[in-house]
Amino acid sequence: MLYVFRVDIGETYIFETDLAFQDVKTLKTAIEREHGIAPSKQILIINGGELLDDDAVQV
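Using the UniProt record's numbering, you'd call the opening residue of the sequence shown number 1 and step up by one each time.
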């Protein structure tokens with residue numbers, strides 16, 4: 001499983017592991033589809049504080 005924590009409201013979103021092996025843009029699209037948050041409003045940071053680029057693979 002892939003866990004995405006939404007800091008502003010303290011929620012955790014759970015996604016299938018296969019999204020962890022795709023690019024960040026794909027993950028942002030999945031977040032938009034399932035939770036209604038536009039990719040332009042998302043800032044994804046990996047454990048350790050590194051900002052994820054849309055074209056990067058987040059593994």
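All C-beta atoms in this analysis are idealised placements derived from N, C-alpha and C, irrespective of residue type, glycine included. Computed from a predicted model, the values in this text were never measured in an experiment.
Is it buried or exposed for Val7, if we count other Cβ within 10 angstroms and need 16 for buried?
exposed
With 16 other Cβ atoms within 10 Å as the buried cut-off, status of Val24:
buried
Leu52, DSSP secondary structure in three states:
coil
Nearest-angstrom Cα separation, counted from Gln22 out to Asn47:
17 Å
According to DSSP, is Ile43 part of a helix, a strand, or is it coil?
coil
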